[in-house]
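S.K.:
Protein chains: 2
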Amino acid sequence: MLNFTFKNQTEILFGKGQIKKVSDRLPDDARVLLLYGGGSIKKNGIYDQVLTALNGNEVTEFSGVEPNPSYETLIEAVELAREKSVNFILAVGGGSVIDGAKFVAAAVNFDGEPWDILAKGASFYDPLPIGAVLTLPATGSESNGNSVVTKKATSQKLGFSSETVQPQFAVLDPEYTFSLPKKQISNGVVDAFVHVIEQYLTYPVNAPIQDRFAEGILQTLIEEGPKGLANPEDYDVRANIMWSATMALNGLIGRGVPQDWATHMIGHELTALYNLDHAQTLAIVLPALMQVQQEQKKEKILQLGRRVFGLTFTGATEQQAIRETIFAVTQFFEGMGVKTKMSDYDLQGDTLDQAIDRIIDNLDKNGMTKLGEHGDIDLAKTRDILSLAK
Amino acid sequence: MLNFTFKNQTEILFGKGQIKKVSDRLPDDARVLLLYGGGSIKKNGIYDQVLTALNGNEVTEFSGVEPNPSYETLIEAVELAREKSVNFILAVGGGSVIDGAKFVAAAVNFDGEPWDILAKGASFYDPLPIGAVLTLPATGSESNGNSVVTKKATSQKLGFSSETVQPQFAVLDPEYTFSLPKKQISNGVVDAFVHVIEQYLTYPVNAPIQDRFAEGILQTLIEEGPKGLANPEDYDVRANIMWSATMALNGLIGRGVPQDWATHMIGHELTALYNLDHAQTLAIVLPALMQVQQEQKKEKILQLGRRVFGLTFTGATEQQAIRETIFAVTQFFEGMGVKTKMSDYDLQGDTLDQAIDRIIDNLDKNGMTKLGEHGDIDLAKTRDILSLAK
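Those protein sequence lines, which keep their order, are chains A and B.
Take any residue in the first sequence, count from 1 to its spot, add 5: that is its number in this note's numbering.
Take any residue in the second sequence, count from 1 to its spot, add 5: that is its number in this note's numbering.
(1) Inspect the beta-carbon positions of LEU39/A and VAL70/A and report whether they are closer than 8 Å.
(2) Check the Cβ of GLY221/B against every Cβ in chain A and list those closer than 7 Å, keeping chain order.
(3) Along chain B, which residues have their Cβ under 9 Å away from the Cβ of ILE17/A?
(4) My understanding is that LYS206/A touches LYS344/A, with C-beta atoms under 8 Å, so please give their C-beta distance in whole angstroms.
(5) Confirm, please, whether the CB-CB distance from GLN189/A to PRO134/A is below 8 Å.
(6) Could you tell me which chain B residues have their CB closer than 8 Å to the CB of GLU228/A, listed as they occur along the chain?
(7) Does the distance from the CB of ASP389/A to the CB of VAL297/A come in under 8 Å?
(8) Give a yes or no on whether the C-beta atoms belonging to MET6/B and VAL210/B are separated by under 8 Å.
(9) When you compare the CB of TRP248/B with every CB in chain A, is at least one pair closer than 8 Å?
(10) Can you tell me which of ALA253/A, PHE11/A, LEU391/A and VAL97/A puts its alpha carbon nearest to the alpha carbon of GLU203/A?
(11) What are the boundary residues of the beta strand (DSSP E) that includes GLN14/B?
(12) Please report the straight-line C-alpha distance between GLY150/A and SER166/B, rounded to a whole angstrom.
(13) Could you check which residue in TYR350/B, ALA175/B and ILE365/B has the C-alpha nearest to that of TYR3/B?
(14) Touching or not, the segment 101 to 117 of chain B and the segment 77 to 84 of chain B, by the rule of three or more beta carbon pairs under 8 Å?
(15) So MET252/A contacts chain B; which residues on that side make the cut at Cβ distance below 7 Å?
(16) What separation, rounded to the nearest whole angstrom, lies between the Cα atoms of ASP310/B and GLU228/B?
(17) Could you check whether the Cβ of THR225/A sits closer than 8 Å to any Cβ belonging to chain B?
(18) Can you find the residues in the same chain that come closer than 8 Å, C-beta to C-beta, to LYS232/B, ignoring five residues on each side of it along the sequence?
(19) Should ALA267/B go down as buried or exposed, given a rule of 16 or more other Cβ atoms within 10 Å for buried?
(20) If you reduce the DSSP assignment to three classes, tell me which class PHE165/A lands in.
(21) Quick check on PRO186/A: buried or exposed, where buried means 16 or more other Cβ atoms within 10 Å of its Cβ?
(22) Just to confirm, are SER146/B and GLY100/B a CB contact at a threshold of 8 Å?
(23) Measuring only between beta-carbons, confirm whether MET341/A sits less than 8 Å from chain B.
(24) So with CB distances below 7 Å, who are the chain A contacts of GLN23/B?
(25) Considering only C-alpha positions, which residue in the set ALA96/B, GLU339/B and PHE198/B is nearest to ILE51/B?
(26) Starting from ASN245/A, find everything on chain B with Cβ-Cβ shorter than 8 Å and list it in chain order.
(27) Under 8 Å, do ALA197/B and LEU139/B count as touching if we go by C-beta distance?
(28) Residues of chain A with CB under 8 Å from PHE20/B, in chain order?
(29) Since I believe VAL201/A is in contact with LEU223/A (beta carbons under 8 Å), could you give me their beta-carbon distance rounded to a whole number of angstroms?
(30) Taking DSSP's pairing of strands, which residues face TYR76/B in a bridge?
(31) Using Cβ-Cβ distances below 7 Å, what residues of the segment 356 to 373 of chain B are close to chain A?
(32) To the nearest angstrom, how far is it from the Cα of ALA124/A to the Cα of GLU63/B?
(33) With a cut-off of 8 Å on the beta carbons, I'd call GLY136/A and VAL27/A a contact; round off their distance for me.
(34) Does any residue of chain D bring its CB to less than 8 Å from the CB of ASP241/A?
(35) Alpha carbons only, please: which of ASN92/A, GLY42/A and ASP53/A is nearest the one belonging to PRO74/A?
(36) Runs of 4 residues minimum, wholly inside the segment 270 to 314 of chain A: which ones carry the alpha helix (DSSP H) assignment?
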């Protein structure tokens with residue numbers, strides 16, 4: 006096991022009706038910026054519950070945070086937050102809204118061009134405290150310090166990470182996910198699955214607790230994901246998906262082990278260029294990456310096949326066993342309704358080869374030339390991966 | 006899944022050499038009470054490393070905290086802490102020292118008889134902050150708010166729990182366990198195993214993440230425990246045991262599921278009366294309790310057998326399968342060198358029946374008359390359990 010430090014400061018408020026606990030957790034003189042997305046929370050009743058919980062506090066609303074939240078939109082929220090002197094941000098939504106809240110929190114007291122927080126890793130001080138009300142289980146953003154923001158003007162999708170912007174509390178009420186479109190559940194389950202894979206599918210370092218926790222989350226997503234699509238109002242199923250997605254990226258399973266994240270880095274460019282959903286990009290890249298990196302990841306790919314997918318590999322060569330495991334991953338994604346080839350998606354008029362060239366260019370521009378747990382995924386390897394994913 | 010709230014405030018500093026990070030985590034004007042046990046840390050070099058890390062701070066030492074820390078000893082530490090106006094407690098040791106530190110932390114500013122914190126659940130204010138340097142993986146005390154203290158004068162072993170006395174940081178350096186006597190590793194592994202069982206072996210509530218995390222810890226303890234005895238200086242083995250013991254009782258696996266703790270409550274009286282090691286009492290009580298509660302715990306006992314011990318139960322009736330699983334638990338404890346019958350231990354001249362009478366009397370006196378996840382373990386059932394454990 007590798008050395009590590011770990012603490013997770015977010016208080017999880019899990020279950021039916023937990024929204025009621027929010028008011029106790031706000032500052033005494035709270036001036037709240039209520040940040041949300043496209044307005045679905047007004048249709049499904051969550052908005053009303055949140056306003057009831059905030060009763061008595063000064064509330065400023067900012068809606069319209071889009072999926073893959075844009076710098077252009079968030080900077081408007083920053084200005085509003087400054088103008089109203091808010092001292093707390095309550096993010097109500099999925100990972101995009103919560104990621105957006107983190108950027109707003111960091112930018113409000115930032116002296117200079119806030120894009121530098123993302124582009125140059127600029128230091129920031131006195132970020133606003135954040136709370137989260139999760140409506141879409143997927144990214145784990147509700148209990149980590151990660152934020153990814155897209156600048157539309159330049160098609161750049163960049164991230165920053167700081168525990169100073171990690172939510173102080175997160176309300177996880179599975180009922181809030183009942184009215185989600187199926188596509189969001191599909192994407193969320195695939196996203197959480199790949200978050201686990203990024204921290205698990207590397208090379209063994211004799212860390213059985215981390216391995217087994219990761220495998221437990223993967224097995225649960227494989228079992229519960231399809232049920233989540235078939236029975237949208239099964240509370241337990243949604244609860245298990247929600248807790249899986251949070252545990253997938255709250256830091257725990259990745260401590261003391263190597264991490265990969267190449268699938269994410271390559272996928273981000275697909276979203277930045279062609280506006281594919283985050284999970285769609287992961288479903289495209291991961292199986293191809295597993296194939297190209299099969300030698301480096303051999304032991305863990307076979308462990309994934311055996312322990313998570315229950316494959317026995319009877320009579321199979323090692324190469325066949327690896328292929329079987331990659332096929333199982335692909336089948337799981339497709340079964341969840343998320344396609345796994347670039348040709349399945351709208352590349353806005355570009356040919357597949359043009360798209361690959363543009364992705365490679367963008368990765369080069371953003372310095373993503375040594376990806377993966379060994380730093381051995383250079384642009385040539387990335388091209389191999391994308392070619393397999395055509 | 007049941008509703009829950011969860012946060013764990015302890016920063017884990019895991020791995021070789023992490024003691025160096027301690028000085029950064031003390032208050033600026035730290036006046037440290039250094040609390041430890043019998044002095045083994047002076048022989049194995051840990052004491053010197055701690056003093057080096059504390060360099061520049063005012064340090065007051067209090068040694069002699071015994072296994073199953075006594076109120077009589079700890080109250081002396083409270084007096085010393087008051088006299089020296091310490092503002093931080095650094096506990097260096099196992100669960101006993103850390104449990105003791107929590108009591109001292111709570112008692113220092115307590116106005117009245119500190120025993121009331123344990124006996125009457127009295128509220129306390131302004132507890133001192135605590136840090137922990139763990140030398141014995143077992144109790145999980147390094148990252149929870151639980152403390153158990155024994156009053157020798159009355160043979161009472163009582164606990165309190167508050168996150169206000171939970172350590173702010175915990176150094177987990179597996180090398181610090183290399184010089185432990187084998188018996189301590191045996192006890193630690195059994196203790197951690199039963200901590201998981203108390204939160205797992207109840208009844209199913211459709212919480213697969215919690216189940217699988219629990220099973221992952223149990224499997225790891227079963228695999229690594231014997232290796233820990235055979236190869237005391239295998240870093241990875243000790244690291245895996247250490248991380249297992251912390252994860253077993255840091256709150257995570259018990260959230261959203263029912264919990265039992267009857268084995269602990271009954272076991273505590275065996276320690277209070279006959280000074281048996283905590284783990285020894287658990288190894289005595291658990292198999293008998295599983296037998297008596299087999300109907301209530303049926304599903305989870307069978308799941309334990311299949312998933313953790315890998316039993317196939319081919320051709321077995323349900324009753325036989327349950328018996329096989331209980332036998333596997335007993336064999337694991339015995340294999341770790343921890344005996345599982347009361348008759349294996351020194352009951353200080355009492356007969357087995359006298360001992361049972363005294364345990365039942367004590368449980369009655371301490372109000373432990375409705376134990377277990379259903380509250381259905383009354384004194385008659387406890388007598389059945391103890392009779393099976395003779």
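Backbone N, C-alpha and C fix where the C-beta goes; we use that ideal spot for every residue, glycine too.
Model, not experiment: these values are computed from the prediction.
M.R.: Result, derived from the coordinates:
(1) The answer is no: Cβ separation not under 8 Å.
(2) Chain-order list of chain A residues neighbouring GLY221/B: ILE214, ARG217, PHE218 and GLY221, by C-beta distance under 7 Å.
(3) Ordered by position in chain B, the residues that pass the 9 Å Cβ test against ILE17/A are PHE9, THR10, PHE11, LYS12 and ARG260.
(4) Strictly speaking, residue 206/A in this sequence is Leu, with Lys absent from that position. Contact doesn't hold; Cβ gap of about 21 Å is too wide.
(5) Contact: no.
(6) Residues of chain B passing the Cβ test: PRO213.
(7) Cβ atoms of ASP389/A and VAL297/A: closer than 8 Å.
(8) VAL210/B sits close to MET6/B, with the two beta carbons spaced by under 8 Å.
(9) At least one chain A Cβ lies under 8 Å of TRP248/B.
(10) Nearest of ALA253/A, PHE11/A, LEU391/A and VAL97/A to GLU203/A, Cα basis: ALA253/A.
(11) GLN14/B -> beta strand (DSSP E) spans 9 to 19.
(12) Answer to the nearest angstrom: the Cα atoms are 29 Å apart.
(13) Because chain B in this structure spans residues 6 to 395, residue 3/B falls outside the shown range and cannot be described.
(14) With three or more CB-CB distances shorter than 8 Å, the segment 101 to 117 of chain B counts as touching the segment 77 to 84 of chain B.
(15) Correct list: ILE214.
(16) This sequence places Gly at residue 310/B; Asp is not what is there. The alpha-carbon atoms of GLY310/B and GLU228/B are separated by roughly 15 Å.
(17) Interface residue, yes.
(18) In the same chain as LYS232/B, and ignoring 5 residues on each side of it, the C-beta atoms closer than 8 Å to its own belong to ASP239 and VAL242, in chain order.
(19) If you draw a 10 Å sphere on the C-beta of ALA267/B, you find 16 or more other C-beta atoms in it, and that means buried.
(20) Under the three-state reduction of DSSP, PHE165/A is assigned to strand.
(21) So PRO186/A ends up on the exposed side.
(22) Against a cut-off of 8 Å, the Cβ pair of GLY100/B and SER146/B comes out as a contact.
(23) It does not; no Cβ of chain B falls within 8 Å.
(24) Per Cβ cutoff of 7 Å: ASN8.
(25) Taking ILE51/B as reference, the option from ALA96/B, GLU339/B and PHE198/B with the minimal CA-CA separation is ALA96/B.
(26) Residues of chain B passing the Cβ test: MET6, ASN211, ALA212, PRO213 and ILE214.
(27) Between ALA197/B and LEU139/B, the gap from beta carbon to beta carbon reaches 8 Å or more.
(28) A small correction: the amino acid at residue 20/B is Gly; Phe does not occupy that position in the sequence shown. Simply MET6, LEU7, ASN8, PHE9 and GLY261.
(29) Confirmed, about 5 Å.
(30) BP columns for TYR76/B are empty, so no partner.
(31) Per Cβ criterion, the list is empty.
(32) Those two C-alpha atoms are separated by around 44 Å.
(33) With 8 Å as the limit, GLY136/A and VAL27/A qualify as a contact, their Cβ atoms being about 7 Å apart.
(34) Absent from the structure: chain D. Protein chains present are A and B.
(35) For the set ASN92/A, GLY42/A and ASP53/A, the Cα lying nearest the Cα of PRO74/A is the one of GLY42/A.
(36) Unbroken alpha helix (DSSP H) stretches of 4 residues or longer found wholly inside the segment 270 to 314 of chain A: 283 to 297 and 303 to 308, given in chain order.
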